[in-house]
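Asker: One structure, pasted below without further comment.
There are 2 protein chains.
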Amino acid sequence: MKNYIETEPQLKAIEVKDKFWSFYQELIRDVVLPYQEQILKDEIPGAEKSGAIRNLRIAAGQEAGEFYGQVFQDSDVSKWLEAVSYVSNMEGTGRLEESARQVIHLMELAQEDDGYLNTYFQLKEPEHKWQNLLECHELYCAGHLIEAAVADYEMSGRSTFLNLAMRLADLIDSRFGPGKVRGIPGHEEIELALLRLWRVTKEQRYFDLAGYFLEERGTDPNYFAQEKSRKAWMDPAERNYTQNHRPIREQDTAEGHAVRAMYLYTAMADLAAWTADEELKAACVRLWKNVTEKRMYITGGVGSGAKGETFTVDYDLPNDRAYAETCAAVGLVFWARKMLGLDLSGKYADVMERALYNGVLGGMGRDGRHFFYVNPLEVVPGISGEVPGYEHVRPVRPKWYACACCPPNIARLLASLGKYAWGESRGCVYSHLYLGGVFHSLQNGISWKTVTDYPWEGRIQYEVCDHEKREKSALAVRIPGWCSSYSLLVNGRECTEEYEVKDGYVSIIREWTKGDTVSLHLCMEVKRIYANLCVREDAGCTALTRGPLVYCLEEADNGKRQNTLLLPAGSEIMERQKSDELLGDYIGLEAAGLRLQGDSEALYSETPPRAGGTMIYAVPYFLWGNRTAGEMRVWIRET
Amino acid sequence: MKNYIETEPQLKAIEVKDKFWSFYQELIRDVVLPYQEQILKDEIPGAEKSGAIRNLRIAAGQEAGEFYGQVFQDSDVSKWLEAVSYVSNMEGTGRLEESARQVIHLMELAQEDDGYLNTYFQLKEPEHKWQNLLECHELYCAGHLIEAAVADYEMSGRSTFLNLAMRLADLIDSRFGPGKVRGIPGHEEIELALLRLWRVTKEQRYFDLAGYFLEERGTDPNYFAQEKSRKAWMDPAERNYTQNHRPIREQDTAEGHAVRAMYLYTAMADLAAWTADEELKAACVRLWKNVTEKRMYITGGVGSGAKGETFTVDYDLPNDRAYAETCAAVGLVFWARKMLGLDLSGKYADVMERALYNGVLGGMGRDGRHFFYVNPLEVVPGISGEVPGYEHVRPVRPKWYACACCPPNIARLLASLGKYAWGESRGCVYSHLYLGGVFHSLQNGISWKTVTDYPWEGRIQYEVCDHEKREKSALAVRIPGWCSSYSLLVNGRECTEEYEVKDGYVSIIREWTKGDTVSLHLCMEVKRIYANLCVREDAGCTALTRGPLVYCLEEADNGKRQNTLLLPAGSEIMERQKSDELLGDYIGLEAAGLRLQGDSEALYSETPPRAGGTMIYAVPYFLWGNRTAGEMRVWIRET
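If you read the sequences in order, they're chains U and A.
Following the working numbering, the numbering of the first sequence begins with 10 at its first residue and continues without gaps.
Following the working numbering, the numbering of the second sequence begins with 10 at its first residue and continues without gaps.
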């Protein structure tokens, strides 16, 4: 098997029927998206006002009033529309789709003759269009609109929304680019969106415009310093913040606002894959190494700095003051997916899985109505969210935010999970993640049915349930980096045919026929993980993992002062199959540990604390915060 | 011995000749005060401009120009003048005193006919006097001027400066108080100063005005909200910040800006002592317990929050983001001294000693030219001073600050050390701290000569070198709370006469004659100290102390990544007598420890770090930062 550039499959070709993920996809369909719709329409009492649909109605001339919300309020609508498109594959989405059609119709009415559509500028500053790209998210909103339109076209086959998006993209293209007006977006997003638009329309100008926005970034003179910015809350001289400090090919550390960085790197990797540009690929690989080897939490959270929601310095990963925005973890999944297209290596899928099962999933409550923006690895009520320096760390998920970027980002990612689980190229189907259901590979003409109880169990059964023609092709299944031992059977026996193990994937090459099975069995042992000692906060500590899941301790199980718990190095970690009303069915971990107990009430004393026996109980990190508010911590002191 | 209300002695009655402290007092005289004078006169190239003397010259009509600096710039001059007064007891201070006279003369010229003197308002906003007490430090500056004038009068006997201060105090008294204009200072200071002024002048109006400012604080309606504040950078509704949240008698937790709080509590304790007001005393005791039992670093640093330089919540004592302003530790010494006047208990002197030898002394470099404003208990170059949230933590002492409150505060405290070391009442002399030299007790007519090599050695020898009359009196010597065993000999023998051990003091009552000696021997063993487990950051760690000194680890001795050092519980700590060019003669501590070493370069791996043997070397905290910039930490992980 060569290092094909594999690509994401069409989502329409994937049916999800997965014990673990179907719960979340149905939650997205039944709760999250209807709830978000009500939010967007200002129908939830007590939640932050959105105004997003109303802004559109005003712009469409259906209502009088003023713009409400952030400069990027429109993007909430687009992300919702994108997610609705993805779930349209499922049963029972008629009402949501109908609502989406109405919103798209509103957008048509609101769109200006030249293609312009951005309610903030239309309603509030029509005379200032395209003049504050640094702060006003105009191109960012356009990017989200384009992504939603592409998703709609791919899922529904209808072209109304796509045409609307093309009119907007053409307007942008008519303005920006070589020989036209110079410009780059303050918040990257349009680059990856234009590449998506190019893939469905094959219009080269979109590809070129994406390339322009990417390559113009970081060049001198500093574009943002030239803008006549009127709001001026951002300092254009802080070029790191917007990844504008160097041309993208010269960047080698992840800087600035983490979500922006993730969206930029996603587009860079996508462009590098399509152009086979080795220099650009090298920049992507350097940035990947910097992020995943020096600046990423064990949960896949990135952007440790609360001030500016930014990357800080290597190994600076404070647990109790982590920012680790949900959107940044979502963005890391996007980026990892594109890196796989650039270079088929399991390390990218490992990080994609890590971020997905931990950093992303932990961002949403199991009720689908509460969301974290910030994802700490340690929470202490009374400090978190209260003491200066910890204001951003919430011990419980709020209902919604004035800046509501994260909830719809989780929705659109989880609703389109199939694109991340599967990949295909002419001659190969890739199973990057383990997702129950059926994948009809259009490129190979084979339909693979997958059955699994992952991540609780390590068995994944793949079965050919349909195939169009008899010809050799490969199934490449990922062997996770965390997995120390696995077995793989083809039709119940050791594979004796063509077979390759490389870069974290096992590829079985044969002429598949209906009923053929591939059985992968990953050993799901519990592990103790240690951080690099350069991570100050984690030295002397261990984190528990099982398969892709990172575990954490919660006050509900372990009481207060979890910083006084010690896990002896030799203590056996036992699995506990649990069923909990709030947490669902899951596997908990239990071990005999110690708890430091002080005999002195004094602030400082000569009396060392005693270590008494106690049981330590851990739950998957993604489930934290679904019970009573209390302490939480991932890293446990080890003795 | 009864619980006399003892009082601070006259500084003129004390000659300091102490191996440890004379170095610092001479440093103050020979370096710190001449250097500060040059700073105040803008004569040091490269240091922050002060403008303080120039402001006075402009106000005095000797120079044209505009006010420069902070609203409280005048206070730098007053604190310097106060310190110069204190060192005038020493040899070789003629030039400094002459400079001080010239500055006082400038102040006379600058003072307005009605007594007003504040160069900020005189030069910049003459129409806005007394209208922004919240932000503009007008009463605060007056307080420092009064303190300096009292010191000058006490040390020199001249009344020029005192009269100037009284004219200003009388102006304030004519304006504020019951039946006059309502007002309280945003930054407390004038209260304690007015009580000092009352003590030397015996003018009841100053005592009453101090009481007014104290008791009016925290009452409704919120005075600051009523002010027509024009600068308006502070929110008057944040009443905690200025200890204005409740009447002082009802306060029970230390809130807001730590230096303000210390100055307030100092005045409260002083007032309570003079009035024998049990309710006010109870408030002081509650606040004392809150600060010293829940909100104080082991170094005596207080005010852990960088945002606003404030107290935060109980047990919130982060080491690497500590604020612990030098001025707040100085203020804690002031307060502790007044608590001793309220209730003679060694616990107050213990905290006074802790803050003095650690939190205060660490604020100044051994060269007398570099100062810390912020006193962290852990420093990591690359993070400290650089990463957001750590900007305030400097790994090396800067030369000077735009806000230069700390350096002259250290100077005036160390220059007046005798007042803190000794106390007296009719019938008793109190040795709160151990300070070599001679103390002539005016109240008892006895002169005590003290010889000691404290804090390096625990022997303190007291000898009667003069006495006026034959009558019984007591010498009360403090037995520190940290001292587990001590011996006390009178004239070389076990004391068999009248003798009392109470609240941390041993009192020997006899008819003293010339040549009588009292020999105290404190066992100076090295101790491991443990923080209350509620202090999250310190659980599982130990701090090393010897006598009053807290120790710390520095990179110069232990290399980088000191967070990976482990001190086994059984490891013996050995004393090392050292002589170092930069650190002087001192006792270091050494112990066999372990260092965690990682075999993996990976950010996260399954390989636990190995613990290899290493020596751990600690230096006194007050000496940190005098060598190459590097890591520092007080709390050491214990196994």
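Even glycine gets a Cβ: it sits at the ideal position worked out from N, Cα and C.
1) Just checking: is the beta-carbon of C543(A) within a distance shorter than 9 Å of some beta-carbon in chain U?
2) Quick one: using the 10 Å Cβ neighbour count with 16 as the cut-off for buried, is Q34(U) buried or exposed?
3) Among G634(U), E647(U), T128(U), E72(U), which one has its Cα closest to the Cα of R403(U)?
4) Excluding sequence positions up to five away, which residues of its chain have a Cβ less than 6 Å from the Cβ of F343(U)?
5) Relative to the alpha-carbon of R537(U), which residue among E647(U), G490(U), G445(U) has its alpha-carbon at the smallest distance?
6) Taking Y626(U) as the reference, give the member of E584(U), H153(U), E72(U), L65(U) with the closest Cα.
7) Residue ranges of each alpha helix (DSSP H) run of no fewer than 4 residues wholly in the region 195–273 of chain U, ordered along the chain?
8) Would you say Y560(U) reaches chain A, if we count a Cβ-Cβ gap shorter than 9 Å as a contact?
9) Do three or more CB pairs link the region 470–478 of chain A to the region 53–62 of chain A at distances below 8 Å?
10) Classify C532(U): buried if its beta carbon has 16 or more other beta carbons within 10 angstroms, exposed otherwise.
11) Measure the beta-carbon distance from R519(A) to E507(A) and round it to whole angstroms, keeping in mind my assumption that it falls under 8 Å.
12) Comparing the C-beta of Y77(A) with each C-beta of chain U, is any distance below 9 Å?
13) Determine the direct distance from the alpha carbon of E212(U) to that of Q111(U), and round the result to whole angstroms.
14) How many Å lie between R330(A) and Y539(U) at the Cα?
15) Kindly confirm or deny that the region 454–470 of chain A and the region 121–128 of chain A touch, where touching means at least three C-beta pairs closer than 8 Å.
16) Quick check on the DSSP output: the beta strand (DSSP E) that includes T522(A) runs from which residue to which?
17) In this structure, does DSSP put R619(A) in helix, strand or coil?
18) Going straight from the alpha carbon of N12(U) to that of H449(U), what length do you get?
19) If we count the other Cβ atoms within 10 Å of its Cβ and call it buried at 16 or more, is T522(A) buried or exposed?
20) How about R646(U): is its C-beta nearer than 9 Å to some C-beta of chain D?
21) Beta-carbon within less than 8 Å of K21(A)'s beta-carbon, same chain only, minus the 5 sequence neighbours each way: which residues are those?
22) Go ahead and pull the three-state DSSP assignment for E24(A).
23) Taking contact to mean 3 or more Cβ pairs, one atom from each stretch, closer than 8 Å, check whether the region 585–592 of chain A and the region 298–311 of chain U are in contact.
24) Of all the CB atoms in chain U, is at least one closer than 9 Å to the CB of Q71(A)?
25) According to the Cβ coordinates, are R1(A) and G374(A) closer than 9 Å?
26) Considering just the uninterrupted stretch of the alpha helix (DSSP H) at K511(U), what are its terminal residues?
27) With a threshold of 8 Å on Cβ separation, who are the neighbours of T16(A) within its own chain once the five nearest residues in sequence on each side are excluded?
28) Output, in chain order, the set of chain A residues within a Cβ distance shorter than 9 Å of R570(U).
29) Give, in chain order, every residue of the region 480–494 of chain U whose Cβ lies closer than 9 Å to some Cβ of chain A.
30) Alpha carbon to alpha carbon, how far is E318(U) from L562(A)? Give it in angstroms, no decimals.
31) Anything in chain A within Cβ reach of A611(U), meaning under 8 Å, just list it in chain order.
32) Grab the span of the beta strand (DSSP E) containing A435(U) for me, first residue to last.
33) Based on the DSSP secondary-structure assignment, which residues constitute the bridge partners of P390(A)?
34) Quick one: is P404(U) near chain A, going by C-beta distance under 9 Å?
35) What is the residue span of the beta strand (DSSP E) that H476(A) lies within?
36) From the DSSP output, read off the bridge partner residues of M641(U).
Answerer: By the coordinates alone:
1) Looking up residue 543(A) in the second sequence gives position 534. Cβ-Cβ to chain U under 9 Å: yes for C543(A).
2) Counted from its first residue, the first sequence places residue 34(U) at position 25. Buried: at least 16 other Cβ atoms inside 10 Å.
3) Here the question's residue 403(U) lines up with position 394 in the first sequence. Per the Cα distances, G634(U).
4) As a first step, residue 343(U) must be located in the first sequence, where it is residue number 334. So the qualifying residues of the chain are T275.
5) For the purposes of this step, residue 537(U) is taken as the residue at position 528 of the first sequence. Selected option, being the one with the closest Cα: E647(U).
6) The sequence position of residue 626(U) within the first sequence is 617, counting from 1. It is E584(U) whose Cα lies nearest to the Cα of Y626(U).
7) 199–210, 213–225, 232–235
8) Here the question's residue 560(U) lines up with position 551 in the first sequence. Y560(U) does not count as touching chain A.
9) no
10) Here residue 532(U) refers to the residue found at position 523 when the first sequence is read from its first residue. Exposed, because fewer than 16 other Cβ atoms sit within 10 Å of the Cβ of C532(U).
11) As a working mapping, residue 519(A) is identified with position 510 in the second sequence. As a working mapping, residue 507(A) is identified with position 498 in the second sequence. Right, the Cβ-Cβ distance comes to about 6 Å (below 8 Å), so this counts as a contact.
12) Here residue 77(A) corresponds to residue number 68 of the second sequence, with the count starting at 1. Not one chain U Cβ lies under 9 Å of Y77(A).
13) Your numbering for residue 111(U) matches position 102 in the first sequence. Your numbering for residue 212(U) matches position 203 in the first sequence. Computed Cα separation, rounded: 28 Å.
14) As a first step, residue 330(A) is located in the second sequence; it is residue number 321 there, counting from the start. As a first step, residue 539(U) is located in the first sequence; it is residue number 530 there, counting from the start. For R330(A) and Y539(U), the distance between alpha carbons rounds to 25 Å.
15) no
16) For this step, residue 522(A) is matched to residue 513 along the second sequence. From DSSP, T522(A) is part of no beta strand (DSSP E); its letter is neither H nor E.
17) For the purposes of this step, residue 619(A) is taken as residue 610 along the second sequence, with counting starting at 1. Three-state DSSP puts R619(A) in a strand.
18) Residue numbering aside, residue 12(U) sits at position 3 when the first sequence is read from its first letter. Residue numbering aside, residue 449(U) sits at position 440 when the first sequence is read from its first letter. At N12(U) the pLDDT is 41, less than 50, meaning the model places this residue with poor confidence and gives no usable figure here.
19) Locating residue 522(A) in the second sequence gives position 513, where the first residue counts as 1. So T522(A) ends up on the exposed side.
20) Looking at the structure shown, chain D is missing, and the protein chains on hand are U and A.
21) Taking the second sequence and counting its residues from 1, one reaches residue 21(A) at position 12. Answer for K21(A): N98, E163, M164, listed in chain order.
22) As a position in the second sequence, residue 24(A) is number 15, starting the count at 1. Residue state, collapsed to three classes: strand.
23) no
24) Within the second sequence, numbered from 1, the residue matching residue 71(A) stands at position 62. Cβ-Cβ to chain U under 9 Å: no for Q71(A).
25) Absent from the structure is residue 1(A), since the part of chain A shown begins at 10 and ends at 648.
26) Position 502 of the first sequence holds residue 511(U). K511(U) -> not in any alpha helix (DSSP H); beta strand (DSSP E) instead, spanning 507–511.
27) As a working note, residue 16(A) is residue 7 in the second sequence. Here the set comprises G350, G432, E433, S434.
28) Position 561 of the first sequence, counted from the first residue, corresponds to residue 570(U). Chain A residues near R570(U): L542, C543, R545, A548.
29) W491, S493
30) One-based indexing of the second sequence puts residue 562(A) at position 553. One-based indexing of the first sequence puts residue 318(U) at position 309. One C-alpha to the other measures close to 33 Å.
31) Locating residue 611(U) in the first sequence gives position 602, counting from the first residue. Near A611(U) (Cβ distances below 8 Å), the residues of chain A are E302, N541.
32) By 1-based counting over the first sequence, the position of residue 435(U) is 426. One detail in the question is off: residue 435(U) reads as Arg in this sequence, not Ala. Counting along the chain, R435(U) falls outside any beta strand (DSSP E), and DSSP gives it neither H nor E.
33) Your numbering for residue 390(A) matches position 381 in the second sequence. Answer by DSSP bridge pairing, in chain order: S393(A).
34) The residue you call residue 404(U) lines up with position 395 of the first sequence. No, P404(U) does not count as interfacial toward chain A.
35) Here the question's residue 476(A) lines up with position 467 in the second sequence. Note, H476(A): beta strand (DSSP E), 468–476.
36) Against the first sequence, residue 641(U) aligns to sequence position 632. DSSP, once it has assigned bridges, lists V388(U), E563(U) as partnering M641(U).
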